[in-house]
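Chemist: Sharing a structure, written as C-alpha cells. Questions coming.
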Amino acid sequence: MTMNQRKIIELEEGWDFMQNGITKLKRILEGLPEPQFSSEEYMMLYTTIYNMCTQKPPNDYSQQLYEKYKEAFEEYISSSVRNCFAHVKVLPSLREKHDEFMLRELVKRWPNHKVMVRWLSRFFHYLDRYFIARRSLPALNEVGLTCFRDQVYQELKGKVRDAVIALIDQEREGEQIDRALLKNVLDLFVEIGMGQMVDYENDFEDDMLKDSASYYSRKASNWIVEDSCPDYMLKAEQCLKKERDRVSHYLHSSSEQKLVEKVQNELLVVYSTQLLEKEHSGCRVLLRDDKVEDLSRMYRLFHKIPKGLEPIANIFKQHITAEGTALVQQAEDAAGNKAESAVGSLEQVFVRKVIELHDKYMAYVNDCFANHSLFHKALKEAFEVFCNKNVSGCSSAELLASFCDNILKKGGVEKLSDEAIEDTLDKVVKLLAYISDKDLFAEFYRKKLSRRLLFDKSANDDHERLILTKLKQQCGGQFTSKMEGMVTDLTLAKENQNHFEEYLGKNTNANPGIDLTVTVLTTGFWPSYKSSDLSLPVEMERYVYLTPNFPPPGTCNINGKFEQKTIELIVGTYQAAALLLFNASDRLSYSDIKTQLNLADDDLVRLLQSLSCAKYKILTKEPNSRTVTPSDFFEFNPKFTDRMRRIRIPLPPVDERKRVVEDVDKDRRYAIDASIVRIMKSRKVLGHQQLVMECVEQLSRMFKPDFKAIKKRIEDLITRDYLERDKDNPNLFRYLAYTVYNMSSPPDGHSARLYNKYKEVLEEYISSSVLPSLREKHDEFMLRELMKRWANYKDLVMLLSKIFHYLDRYFVLRRVLPDLNAVGLTCFHNLVYRELKGEVRDAVITLIYQEREGEQIDRALLKNVLDFFVEIGMGKMVDYENDFEDDMLKDSASYYSREASNWIVEDSCPDYMLKVEQCLEKERDRVSHYLHSSSEQKLVEVRFFKLALIDTKVQNELLVVYSTQLLEKEHSGCRALLRDGKVEDLSRMYRLFHEIPNGLEPIANIFKQHVTAEVTALVQQAEDEADNKVWVRFRKVNELLDKCMAYVNECFANHSLFSKAVEEALEDGELLASLFDHMLKKGVVEKSSDEAIEGTLDKSLDTADPMERGVTIATDVEFPDWLILDTIQKTYEPNSRGNTTIPFFHRNAFH
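Numbering-wise, full-length UniProt numbering puts 61 at position 61 of the sequence shown, and it's gapless, one number per residue.
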C-alpha cells in the first residue's frame, strides 16, 4: 500500500491502541508483573501518533492527542490502576500517610512520575517536534511535570515542608534521620520549579530559616546564662559547623549563607555584648589570661558578621592601653623609690617591657586575629596613648634614644649578640611609629650618636648603619640625612687624619712631639655646642697652627707623673688645658685659671669640680669642700694614686634636655611656617579651619602640632606680610608674599627690569667672585677651580631660575627672549669662557700629553672640563670643536708624527704595527673616559695618518707612500710575514688597514705575488724531478692552496680582495693543464682509493675553471670516466641558459 493509500486512523481507534500502551507503562511503574516494551511495540506506538498527526484534515488529530496526553497524566495521578490485589492511586496513597511515611511515598511516586513523563514524551515525540513548536504550546515534558505540580505538590507542599523541618529539628536534637530521604524530597522542591528556585525558597526555605532562628534563639537564651564565654563560643562554632554539614548533605547550596547568617544572628549578634562582657570569662579575661585558642575562636566566629569585630577590637585596644598605662605608672613609682643613679636602668627596663608588650600583642594580632587591619589599628592607637606619656620627667622619645644608645655604645647596660641587637633595633624602630614627637627623638638620638662617634664609643659601625637604614625606611630620607652625614664625616675624618700624619712624617720640623687626632666635621650635620674662645697652653698651641680649621673640643690623653706611679689620664680638651697650666705653676687661684683659659664661669666650675671634687682628685682645693667658688685655690696633687694605670675623668653631666626641647620647638616653628606658606601658595585663599587641618596633616609625620601654636604662627606670618585676613570674613586668609609673581603682574609690572636685574646679578657674581679666583691659579689647579666654580654657578642659575620662573612662563615667551637658563650660561660664556678658553685648552692638552707619556692624571677632572666645553655651547658642539678639538687633533698629529719617525727606523713591521694598535686602543679608551664621542673617528684617523710620517693635508698619498715603506721592509715586511706564516701579525695588519680607503690593495698585491711565486716554484720542481714524484708535488700544491685559503679566511676575514688575489694567482690555464697532465699520466699515480683521488681533484678544480681558461684536457688515463667527468662537472656553474657545459674529452681516453 502506498502512502497515498494509507488507512485513515480514527481518534477512538488510535487512542484505544495508545491507551493499551499507557496502561502497560503504568503497570510497569507500579511494579506489577508486566514485560518491558519491545522495539516493535515502541515503534508501533510512536508510528500510531505519527500517522494520526500527519493525516490530512479533518483527520489530523494533533490537538486532540495533545489534550489526551495531559488527560493521561491526570488520570494516572487521580484514578487507580487495577490489579489482582488492589487499586493503586497516587493522591490517595499520599493522603493516607503522614510525616516521614508520607515523605517516603512521595519520594517513590515522584521518580515514577518522571519516568512516565519521559516515556510518554517519547511516544508523543512527533507532537513536540512539529505541532507544539508551531503553536508555541508548553512542551510535553513541561505538561507532565505541571500536572504533578498542580494536583500533588500544591495540595501536599505544606505537609511535606512541616515533615522535613520536623526531621531537621530531630537531627539538631541528636536523633538519627534518613538524610538521603531529605535530600530527595528537597530535590523535588527544586525540580518542581523547572529551573527556577522560587518554589524551593517560598515553600520551604523561608519557613525552614524561621524555624532555625526560633530553635537557636531558645538554645542561646539558655546557653548565655549557663555557660562561660569559651563554652558558649565552642557550642556556637559546633552549631555553625553542623548547619554547614546539613547544607552539604541535603539542603540546597544556595541556603548556606542565609542559614549561617540566621544562626550567627541568634547565637552571636543578639548576645554579642553580653557574651564579650561576661564578668569572669569575657574578652578581657581571655586577653588577661592569654587564652589564645579561645581568642582565635572568637575571631573566627565574629569576623564574618558585619561590624562583628569592632567590639572585640575596642576591648583589645582598652586592654592594651590599660596594661601600657600600668607600665608607665610602675616606672614612675620605681623612679620615685630608687636613687637618681638608678633612673637610667629603670628607663631601660621600661623600654624593654614596652617592647615585650608590643611583641606579645603583635603575636595576638598575627596569630589570633589573622593579621586583621582593625586589630592593627587598635594596637597602634593603644600604644600611641601610653607611649607619648612622660616617664619620671622624660619623654618617650628621649627614652627610646637612650635605650638605643645603651645598646649601641661600648660598655652598654645590655650585652647582646649581633642577631639580638639587630632584632631589638628593629623593634625599637617599630615603637618609634607610635611616638608623635619623632623630631624630638631624632634630636636626642643625634646628640647621643655624636658622642658615640666622636669619643669612639660605638660598639659596631654596621649596627649604626643598620638602624639608620631602618629609620630611613620608617620616616623618610630627610629624617636621617644629618645622621648619615655624621657617619660619613667620621669616615672622611680618618682619611684626613692619615693625610695629616703623612704631612707630619714628611715635615719633621712641624711635628710638635705629641700625638694628635683631628676630626673634621660638617657644621650642618652635627649638633651645635656652646663654643668658647679657649686660650690653649703652649704645648697645644702649635697644633692650632698646623690645623687652623680644626675645632678644639675633643679628648686628650695626658701622662700624670705622681709620686707612686705614672697614670695615663683620659680627659677632655678643657680639662687637659687646665691640667697643663700646673706644669708652670704649683698653685693657682680660680681667677688665675679663668684668666689664662679665658673660659666662662659655668664651664670652669664644671671642669674644676671634675678634677678636685669628684672621684679622682687630681687637684687639691682650698678650702676642701664639695663645691667650687671664685675664692678657691688649686694645687697639683702629687700623692694621687689609683689601682688602674689608665683612668677616664668625665666632666659632670649637663642636663641638655631643656636645650634640646628648646631647639626642637624652634625647628617646629620653622616647620609650621613652611607648611602654612606651602599650603597658601598652592591654594591662594583658604579658611582658618581648613588651613589648620591641612597643616596638621602635613606635619603629623614628624610631630603633632598644637592648634594654638599653628594659630600663633599664622598671626606671625600676617605681621610679616605673607598672609592677610579677608576684610569681610576674618576667618578667611589670602596669600600675600611679595614675590617675582607680584612684581611681574600688571598694571605696575616690572618684568623687563627684573629680567635685566637677573642678568646683572649673575654678572656681578662672576666679576666679583668667580674671575678673581680663576685668574690666581694656573694649569691643573686652575682647572679644578674652574670645575668648582662652574658647578656652583649652575646651582645658582637653577635656583634663580626657579625664583624668577614666572618670567620664563610669560614674559620671556611673549617677548621671544632667551630663557633664564640660557641667559645664565651666556653670562658665564661671555665673561669667563672667552677669557680663559685658551688657557683651559692648553692645560687639558698638556694633561693628555702627560698621560700619553705614561704619567697618572685625574681623568675625572678632564671629563668634567670637556663636559664644560660641551655644556657651554648650550646643545651645540661648536665651542668644543673650534676651541678644543681642532687644537687637540693637531697636537695629537704632531705627537704621533714624532713618535712614528723613530718607530719606522727602529722597529720591525710587527713591532711597529703592535705599537700602532696599542696607541689606537689607548686613544679610544681616552674617548670613552673623557673625550666626547664625536672625537673618536677624527682622533683615530689623525693617529693613523700621522704615524705614517706624511703631510696631514694629503692623507691618501701619505698612506700609500707610508704603507709601501712599511709593507716592503726587507726582513719583516708583508712578504716575510707570509713566508714565515705569522698569522697573528697578518691579522693585525688586516685590522689596521681594512678601514683605510684602498688600504688593503698593496697587501693583496703582495699576497697574490707570493701565491704565484710559490705555485710556480712547485710546478718547476715537478718538471725537473722524476715522474714518480709528480703526484707528491701536486699534493703540495693543494696544501699550498689550503694554506692560502686559511690566510684568506682567518687573517683577512674572508675579504673578497684576497679571494680574488688567489684566483688571479692561478689564472694561467697552461699551468693547471700541466699539473693535470703530470698527475694523470700512466705510471705516475700512487695507488690511492677512488675517494682520495676524487677529493684531490675537487680541491684542484675548485681553484680554477678550465672552461673559462679554454683548456682542453686529453690524456691517456686509467681512471674510471665517471670520476673525472663527475668531479669536473661539480666545479662548473650553469651558463645563462641554465645548462651545464662540459669541456670536450676524447672518448678513447676513457677506455
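Backbone N, C-alpha and C define an ideal beta-carbon position, used for all residues, glycine too.
Taking C-alpha atoms, which residue in 348, 580 and 555 lies nearest to residue 561?
Modeler: In the sequence shown, counting from the first residue as 1, residue 561 sits at position 561. Considering only alpha carbons, the answer is 580.
Chemist: Just grab the DSSP bridge partners of residue 1003 for me.
Modeler: As a first step, residue 1003 is located in the sequence shown; it is residue number 1003 there, counting from the start. Answer by DSSP bridge pairing: none, since residue 1003 is not bridged.
Chemist: Considering residue 477, what are the terminal residues of the beta strand (DSSP E) in which it resides?
Modeler: Your numbering for residue 477 matches position 477 in the sequence shown. It is not in any beta strand (DSSP E) - residue 477 instead sits in the alpha helix (DSSP H) that spans 477–506.
Chemist: Just to confirm, are residue 376 and residue 427 a CB contact at a threshold of 9 Å?
Modeler: Within the sequence shown, the letter at position 376 stands for residue 376. Within the sequence shown, the letter at position 427 stands for residue 427. The answer is no: Cβ separation not under 9 Å.
Chemist: Express the C-alpha separation of residue 374 and residue 215 in angstroms, rounding to a whole number.
Modeler: The sequence position of residue 215 within the sequence shown is 215, counting from 1. The sequence position of residue 374 within the sequence shown is 374, counting from 1. Their Cα atoms are separated by approximately 33 Å.
Chemist: Among all the DSSP beta bridges, which residues are the ones paired with residue 619?
Modeler: Mapped onto the sequence shown, residue 619 falls at position 619. DSSP, once it has assigned bridges, lists 636 as partnering residue 619.
Chemist: With a threshold of 16 other CB atoms inside 10 Å of the CB of residue 791, please say whether the residue is buried or exposed.
Modeler: Taking the first residue of the sequence shown as position 1, residue 791 is located at position 791. When all chains shown are included, residue 791 counts as exposed.
Chemist: Using alpha carbons as the reference points, say which of 505, 487 and 493 lies closest to residue 525.
Modeler: The residue given as residue 525 occupies position 525 in the sequence shown. Of the candidates 505, 487 and 493, the one whose C-alpha sits nearest the C-alpha of residue 525 is 487.
Chemist: Which term fits residue 727, buried or exposed, when burial requires 16 or more other beta carbons within 10 angstroms of its beta carbon?
Modeler: Here residue 727 refers to the residue found at position 727 when the sequence shown is read from its first residue. It counts as exposed.
Chemist: Could you give the C-beta distance for residue 305 and residue 268, rounded to a whole number, given that I count them as a contact under 8 Å?
Modeler: Within the sequence shown, residue 305 is the residue found at index 305, counting from 1. Within the sequence shown, residue 268 is the residue found at index 268, counting from 1. The pair is a contact, with the Cβ atoms about 6 Å apart (cut-off 8 Å).
Chemist: Is the number of C-beta pairs between the stretch 131–149 and the stretch 215–227 that are closer than 8 Å three or more?
Modeler: no
Chemist: Excluding the 5 residues flanking residue 280 on each side, which residues of the same chain have their C-beta closer than 8 Å to its C-beta?
Modeler: As a first step, residue 280 must be located in the sequence shown, where it is residue number 280. Here the set comprises 228.
Chemist: Measure the Cβ-Cβ separation of residue 807 and residue 732 and say whether it is below 9 Å.
Modeler: Residue numbering aside, residue 807 sits at position 807 when the sequence shown is read from its first letter. Residue numbering aside, residue 732 sits at position 732 when the sequence shown is read from its first letter. No, Cβ-Cβ distance for residue 807 and residue 732 is not below 9 Å.
Chemist: In the structure shown, what three-state DSSP assignment does residue 646 receive?
Modeler: As a first step, residue 646 is located in the sequence shown; it is residue number 646 there, counting from the start. Strand, per DSSP.
Chemist: Among 361, 416 and 447, which has the Cα closest to the Cα of residue 400?
Modeler: Taking the sequence shown and counting its residues from 1, the one referred to as residue 400 is at position 400. Answer by Cα proximity: 447.
Chemist: For residue 950, is the classification buried or exposed, using 16 other Cβ atoms within 10 angstroms of its Cβ as the cut-off for buried?
Modeler: Walking along the sequence shown from the start, residue 950 turns up at place 950. With a pLDDT of 28 at residue 950, under the threshold of 50, the modelled position of that residue is not reliable, and the figure given next carries that caveat. Buried, because 16 or more other Cβ atoms sit within 10 Å of the Cβ of residue 950.
Chemist: With residue 178 and residue 189 assumed to form a contact (beta carbons below 8 Å), what rounded beta-carbon distance in angstroms separates them?
Modeler: Mapped onto the sequence shown, residue 178 falls at position 178. Mapped onto the sequence shown, residue 189 falls at position 189. In fact, because the Cβ distance is near 17 Å, the residues do not count as touching under 8 Å.
Chemist: Could you tell me the boundaries of the alpha helix (DSSP H) in which residue 626 lies?
Modeler: Within the sequence shown, numbered from 1, the residue matching residue 626 stands at position 626. Run containing residue 626: none; DSSP gives neither H nor E here.
Chemist: Buried or exposed for residue 990, going by 16 or more other Cβ atoms inside 10 Å?
Modeler: As a position in the sequence shown, residue 990 is number 990, starting the count at 1. Flag for residue 990 reads buried.
Chemist: For residue 438, count the other beta carbons within 10 Å of its own beta carbon; 16 or more makes it buried, fewer makes it exposed. Which is it?
Modeler: What you label residue 438 is simply residue 438 of the sequence shown in a count that begins at 1. That one is buried.
Chemist: Looking at the structure shown, is residue 687 part of a helix, part of a strand, or coil, going by DSSP?
Modeler: On the sequence shown, position 687 is the one that residue 687 refers to. Residue 687 carries a strand assignment under DSSP once its states are collapsed to helix, strand and coil.
Chemist: What residue range is occupied by the uninterrupted beta strand (DSSP E) comprising residue 567?
Modeler: Reading the sequence shown from its first residue, position 567 is the one you call residue 567. Where residue 567 is concerned, the enclosing beta strand (DSSP E) stretches over 566–572.
Chemist: Can you give me the C-alpha to C-alpha distance between residue 381 and residue 430, rounded to a whole angstrom?
Modeler: Counting from one through the sequence shown, the residue named residue 381 turns up at place 381. Counting from one through the sequence shown, the residue named residue 430 turns up at place 430. About 14 Å.
Chemist: Please work out which residues of its chain come closer than 7 Å, Cβ to Cβ, to residue 408, disregarding the five sequence neighbours upstream and downstream, and give them in chain order.
Modeler: Looking up residue 408 in the sequence shown gives position 408. Taken in chain order, the residues that qualify are 452, 458, 459, 463 and 464.
Chemist: Take residue 696 and list the residues in its own chain whose beta-carbon comes closer than 7 Å to its own, dropping the five residues that flank it on each side.
Modeler: Start at 1 with the first residue of the sequence shown, and residue 696 comes out as number 696. Answer for residue 696: 705, listed in chain order.
Chemist: Determine which residues share a DSSP beta bridge with residue 560 and list them.
Modeler: Taking the first residue of the sequence shown as 1, we reach residue 560 at position 560. Answer by DSSP bridge pairing, in chain order: 567.
Chemist: Helix, strand or coil, according to DSSP, for residue 409 in the structure here?
Modeler: Within the sequence shown, numbered from 1, the residue matching residue 409 stands at position 409. Looking at residue 409 - three-state DSSP - the assignment turns out to be strand.
Chemist: Can you tell me whether residue 724 is buried or exposed, with buried defined as 16 or more other CB within 10 angstroms of its CB?
Modeler: Counting from 1 along the sequence shown, the entry for residue 724 is found at position 724. By the neighbour-count rule (16 or more Cβ atoms within 10 Å), residue 724 is not buried but exposed.
Chemist: For residue 613, does the three-state DSSP call read helix, strand or coil?
Modeler: The sequence position of residue 613 within the sequence shown is 613, counting from 1. Coil.
Chemist: Based on the DSSP secondary-structure assignment, which residues constitute the bridge partners of residue 589?
Modeler: Within the sequence shown, residue 589 is the residue found at index 589, counting from 1. 633, per the DSSP bridge assignment.
Chemist: For a quick check, are the C-beta atoms of residue 275 and residue 317 less than 9 Å apart?
Modeler: In the sequence shown, residue 275 corresponds to position 275, counting from 1. In the sequence shown, residue 317 corresponds to position 317, counting from 1. It is not a contact, given that the beta carbons lie outside the stated cut-off.
Chemist: With DSSP run on the structure shown, which of helix, strand or coil describes residue 17?
Modeler: Here residue 17 refers to the residue found at position 17 of the sequence shown. Helix, per DSSP.
Chemist: For residue 859, which of helix, strand or coil comes out of DSSP?
Modeler: As a first step, residue 859 must be located in the sequence shown, where it is residue number 859. Residue 859: helix per DSSP, three-state reduction.
Chemist: CA-CA distance, residue 46 and residue 124?
Modeler: Within the sequence shown, the letter at position 46 stands for residue 46. Within the sequence shown, the letter at position 124 stands for residue 124. Using only the alpha carbons, I get a separation of about 7 Å.
Chemist: Within the same chain, show all residues whose beta-carbon is closer than 6 Å to that of residue 97, passing over the 5 residues directly before and after it, in chain order.
Modeler: As a first step, residue 97 is located in the sequence shown; it is residue number 97 there, counting from the start. Counting only Cβ-Cβ distances below 6 Å, and skipping sequence neighbours, we find 105.
Chemist: Straight-line CA distance for residue 772 to residue 753?
Modeler: Position 772 of the sequence shown, counting from 1, holds the residue named residue 772. Position 753 of the sequence shown, counting from 1, holds the residue named residue 753. Computed Cα separation, rounded: 28 Å.
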